[in-house]
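Colleague:
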Amino acid sequence: MNLYLLAPEISLCGLAIVVILLDLVLKRKGILAVVSVAGLIVPGAFTLALWGREETTFAGMLAIDQFSLFFNLFFLVMAALVILSSVDYVSKFRAFQGEYYALVLLSAAGMMLMASTRELISIYVALELVAISLYALTGFLKDPKSSEAGMKYLLLGAVASAVLLYGMAMVFGLTGTTHLEEIAQAIPGGGLLANPALLLGIVLLVAGFGFKIATVPFQMWVPDVYEGAPTPITAYLSVASKAAGFAVILRVFYEALGAVSLDWGIIFAILAAITMTLGNVVAIAQTNIKRMLAYSTIAQAGYLMMGLAAVSALGSSALLFFLGAYALTNLGAFIAIIAISNKIDSDLIGDYSGMARRAPLLALALAFCLISLIGIPPTAGFMAKIYIFNAAVQYDLTWLVIIAVVNTAISAYYYLRVVKVMYLEAPPSEEAVPSSASLRAALSFCCLGVLLLGVYPWALLRITQAAVDIFFP
Amino acid sequence: METGIAISFWILAAVMVASALAVVWLRDIFRAALFLVLCFFSVAGVFVILGADFLAAAQVLIYVGAIAVLIIFAIMLTRETQRGSPSGRFRFIAFLVGLLFLVTVTLVVVSTDWHAITEIPAEPTTSSLAQALFSGESGFVLPFEIAAVLLLAAIIGAIVLVRER
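Residue numbers (the working numbering), protein chains in the order written: chain A, 147 to 619; chain B, 178 to 342.
#1: Could you compute how far the alpha carbon of Asn148 of chain A sits from the alpha carbon of Phe311 of chain B?
#2: Provide the residue span of the beta strand (DSSP E) that contains Glu201 of chain A, from first to last.
#3: From the DSSP output, read off the bridge partner residues of Thr263 of chain A.
#4: Applying the 10 Å Cβ sphere with the 16-neighbour rule, what's the burial state of Pro369 of chain A?
#5: Please name the residue in A:Leu283, A:Leu196, A:Arg264 whose C-alpha comes closest to that of Ile395 of chain A.
#6: Let me make sure I understand the geometry here. Which of A:Ile534, A:Gly244, A:Ala304, A:Leu454 has the alpha-carbon closest to that of Val165 of chain A?
#7: Measure from the alpha carbon of Gly374 of chain A to the alpha carbon of each residue in A:Thr284, A:Leu301, A:Leu450, A:Ala418, then state which is nearest.
#8: Grab me the residues of Leu302 of chain A's own chain with a C-beta within less than 6 Å of its C-beta, minus the 5 sequence neighbours each way, in chain order.
#9: Can you have a look at Gly336 of chain B and say buried or exposed, based on whether 16 or more other CB atoms are within 10 angstroms of its CB?
#10: From what residue to what residue does the alpha helix (DSSP H) around Met568 of chain A run?
#11: Starting from Ile156 of chain A, trace the alpha helix (DSSP H) both ways and give me its first and last residue.
#12: Let me know if Glu388 of chain A comes out buried or exposed under the rule of 16 or more other beta-carbons within 10 Å of its beta-carbon.
#13: DSSP on Leu203 of chain B, reduced to helix/strand/coil?
#14: List in chain order: all unbroken alpha helix (DSSP H) runs of 4+ residues lying wholly within the segment 297 to 355 of chain A.
#15: Should Pro369 of chain A be listed as close to the ligand HEM, given that the test is whether its C-beta is under 7 Å from any heavy atom?
#16: Would you mind sorting Val614 of chain A into buried or exposed? The rule is 16 or more other CB atoms within 10 Å of its CB.
#17: Can you find a CB in chain B that lies within less than 8 Å of the CB of Glu294 of chain A?
#18: Closest to Ser231 of chain A by CA distance: which of A:Thr421, A:Tyr560, A:Ala415, A:Thr377 is it?
#19: What's the C-alpha gap between Pro320 of chain B and Val271 of chain A?
#20: Could you tell me which of A:Thr361, A:Ser182, A:Lys173 sits nearest to Cys159 of chain A, measuring between CA atoms?
#21: Name, in chain order, the residues that DSSP records as bridge partners for Leu494 of chain A.
#22: Give me, in chain order, the residues of the same chain whose beta-carbon lies closer than 6 Å to that of Thr202 of chain A; leave out the 5 immediate sequence neighbours on both sides.
#23: Taking C-beta to C-beta, are Cys593 of chain A and Gly478 of chain A nearer than 8 Å?
#24: May I have a chain-ordered list of the beta strand (DSSP E) segments no shorter than 3 residues that lie completely inside the segment 445 to 502 of chain A?
#25: Can you check whether the C-beta of Pro154 of chain A is within less than 8 Å of a C-beta belonging to chain B?
#26: Could you please give the first and the last residue of the uninterrupted alpha helix (DSSP H) stretch that includes Val183 of chain A?
#27: Leaving out the 5 sequence neighbours to the left and right, which residues in its chain are closer than 6 Å to Tyr569 of chain A when beta-carbon positions are compared?
#28: Quick check: what's the CA-CA separation for Val225 of chain B versus Leu213 of chain B?
#29: Using only the alpha-carbon positions, how far apart do Leu310 of chain A and Leu276 of chain B sit?
#30: Under 8 Å, do Ile481 of chain A and Leu585 of chain A count as touching if we go by C-beta distance?
#31: Measuring only between beta-carbons, confirm whether Tyr109 of chain A sits less than 8 Å from chain B.
#32: Starting from Ala331 of chain B, trace the alpha helix (DSSP H) both ways and give me its first and last residue.
#33: Restricting to Cα atoms, I'd like to know which of A:Ala456, A:Leu383, A:Pro603 is closest to Pro523 of chain A.
#34: Straight-line CA distance for Tyr498 of chain A to Val287 of chain B?
#35: Once DSSP output is grouped into helix, strand and coil, what is the label at Leu287 of chain A?
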C-alpha cells in the first residue's frame with residue numbers, strides 16, 4: 147500500500163494532535179489558532195503535490211483522483227475559515243481551546259476520507275468520525291441550549307447511522323461485497339423493481355445520507371441544532387458537513403449504483419422539489435437569524451439536489467460548483483453574524499436594525515452574501531443557479547426548474563427582509579460594532595471569493611468538470 | 178443435528194424478539210436495561226449457531242460485559258429514574274410506521290435471492306478474520322485505521338463534554 151496517497155489525511159490528524167499537545171504547554175492560547183490555520187498548509191501542499199494523479203491504494207479502498215483532491219482542498223479551506231471565525235468565540239473558554247480546534251481538524255480529516263474512500267465500511271467509519279467530532283463541538287458550550295442541540299444531534303444522528311447501516315447491509319447481502327466497483331459489477335439486471343432488496347437498500351442509503359445533507363424528511367434536526375450550536379460550528383455544519391454528504395452520495399451512487407441511475411435520479415428530483423419548497427416557506431416565519439439561515443440551508447440543499455436529479459456530467463459538475471459557491475456565501479453570512487452577535491449578544495433579526503450605520507462594512511458583507519444566496523448577479527450564487535438550472539433543463543427536468551425559480555422568488559422575500567432591517571430601520575444606539583482581525587480576514591476572503599466566482603467562474607468550473615470526469619468514462 | 182440447530186435458533190429468536198419488545202415497552206428503565214442484556218446474549222447465541230465463534234465471544238465481552246455495565250452504571254448515577262420513561266404522544270403513529278417497516282423488510286428479505294453460504298465454517302474464524310482485517314493486499318486496513326482516529330475523536334469529545342463549566 148502506498149501511504150503517500152494518504153499523506154493529506156495523516157498530516158491533518160497529526161496537526162490535530164500537535165494542537166492538543168501545544169495546548170498543554172503553551173500559556174498564550176491565541177497561538178493555537180495560528181498553528182491550526184498555518185498547519186493546514188501541510189495537508190494542502192500534499193494535496194496539491196498529488197494533483198492530477200489517479201491511483202488507488204489500500205486494496206482499492208482509497209482513491210486519489212480529481213474528485214477526492216477537489217474535496218480535500220474544499221474541506222481544508224472550510225476548516226481554515228471556520229477556525230479563523232472561531233478565534234473570538236474560543237477565547238472565551240477558560241480551558242479546552244486546543245481540543246476545540248483539534249475536533250474541527252479531525253472532522254475535516256473524516257470529511258476528506260468520506261470523499262475519497264470507495265468501500266462501504268470505510269465510508270461508514272469516516273462518516274462516524276465526522277459525526278462524533280461534530281456532536282462534541284455542537285454541545286461544546288455546555289449551556290442548556292447547546293447541550294440540548296448536541297443531544298438532539300447525537301440521538302437523531304445515531305438513528306440515521308443505523309438506517310444507513312441497514313441500507314449498506316442490504317446492498318452487501320445482495321452483492322456480497324462492500325467495494326463500490328465490485329458492487330457495480332454484481333448488481334443484478336432488470337432494474338430496481340425486479341430487485342426489491344436493492345430498492346430498499348437505496349431508499350435506506352438515501353435516508354441515511356439525507357440526514358447529513360438535511361433533506362426532507364430528515365431535516366427536523368437542523369433548526370434546533372443550528373440555533374443551539376456555537377455559531378462557527380453552525381457554519382461548519384451548514385457547509386462542510388453538507389458537502390461531505392453530497393460527496394459521498396456522488397461517489398456511492400455513481401460508482402456503485404450507476405446501473406440503476408434512472409431510478410434514483412427521480413427519487414432525488416422529488417426530494418429536491420419538496421425540500422426547497424419546505425425550507426423556503428418555513429424560513430419566512432423565522433425571527434431568529436440563525437433559525438432563518440437553518441431553513442435557508444435546507445432550501446439550498448434542495449437546489450443542490452437538482453444536480454443529483456440531473457444524472458449527467460453537467461449535473462454533477464454543476465453540483466460541485468454550487469457547493470463551492472454556496473460554501474463561501476453561507477460561511478460569509480455566518481461570519482458576519484458571528485461578528486455582529488459578539489457585540490449585540492442577540493440573534494434576533496429585529497435587533498439588527500440600523501446595522502448599516504453601526505457597522506457599515508459588516509452590514510454590506512452580510513447583504514452581499516444574502517444577495518448571493520438569492521442568486522442575483524454579480525455573485526457566485528447567481529452563476530451556481532444558472533449552471534444547475536441549465537443542467538436540469540438539459541436533463542428534461544423543466545418542471546423542477548420551474549419549482550426552483552418560484553422558490554427563488556419566495557426566498558428573496560426573507561433574505562431581503564434582513565437587508566431592509568439593516569439599512570432602512572433606525573438603530574437603537576449609535577455605538578459601533580467592532581470585529582477582530584481574524585473575522586475580518588475570513589469575511590473578506592469569503593466575499594472576494596463570492597464576487598470572483600460571480601464574474602469569473604471558469605477556473606472553478608474547469609476544476610469541477612475534471613473532478614466528475616471519473617464518473618463518466 | 179440440523180433439527181437441533183433449527184430448534185435452538187427459534188428459541189433464541191423468540192427470546193431475542195421478546196426481550197427487545199420488553200426493552201421498548203417496560204416503563205422501568207432499569208428492567209429495560211436488564212432485558213437489553215438478555216437481548217445481547219441471544220444475539221451472541223445466534224452467532225454461535227452460525228459458527229462465528231470470534232463474533233460470539235466479542236459480543237459477550239463487549240455488549241453483555243462492557244456496554245451493559247456502562248448502561249446500568251449510567252442509570253444508577255442518574256437522578257429521577259423512578260419516574261420511568263414518559264410515554265410519547267406519537268406512540269400510535271410510531272407503532273404504525275414501525276409495523277409498516279417490519280412488513281416491508283420481511284417481504285423484501287423473503288422474496289430476495291441472497292448470496293448466502295450454506296455450510297458452517299469448520300475451523301475457528303479468528304485467524305481468517307485477522308487475515309481479512311490486516312493482510313496487505315486485500316485487508317480492511319483503511320477502515321481499521323480510521324476507526325483508531327474515530328476513537329481518538331470520541332475520547333477528546335467525551336473529555337470536553339464532561340468538563341466543569
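We put the beta carbon where it would ideally sit given N, CA and C, even for glycine.
Since this is a predicted model, take the numbers as computed values, not measurements.
Modeller: This is what the structure holds:
#1: 15 Å
#2: Its beta strand (DSSP E) spans residues 201 to 203.
#3: A:Leu208
#4: buried
#5: Closest option to Ile395 of chain A, Cα to Cα, is A:Arg264.
#6: A:Gly244
#7: A:Thr284
#8: Annotation for Leu302 of chain A: Trp367 place their beta carbon closer than 6 Å to its own, counting only its chain and skipping 5 residues before and after.
#9: Inspection of the sequence shows that residue 336 of chain B is occupied by Ile rather than by Gly. It counts as exposed.
#10: Its alpha helix (DSSP H) spans residues 544 to 570.
#11: 153 to 171
#12: What sits at residue 388 of chain A in the sequence shown is Lys, not Glu. Buried, by the Cβ-count rule.
#13: Note: Leu203 of chain B maps to coil in three-state DSSP.
#14: Restricted to the segment 297 to 355 of chain A, the alpha helix (DSSP H) segments that are unbroken, complete and at least 4 residues in length are 326 to 332, listed in chain order.
#15: Within the structure as shown, the ligand HEM is missing, as the structure has no ligands at all.
#16: buried
#17: Not an interface residue.
#18: A:Thr377
#19: 6 Å
#20: A:Ser182
#21: A:Asn434
#22: Excluding sequence neighbours, Thr202 of chain A sits near Ala209.
#23: yes
#24: none
#25: no
#26: 176 to 185
#27: Ala502
#28: 19 Å
#29: 19 Å
#30: yes
#31: Only positions 147 to 619 of chain A appear in the structure, and residue 109 of chain A is not among them; the question remains open.
#32: 318 to 338
#33: A:Pro603
#34: 59 Å
#35: coil
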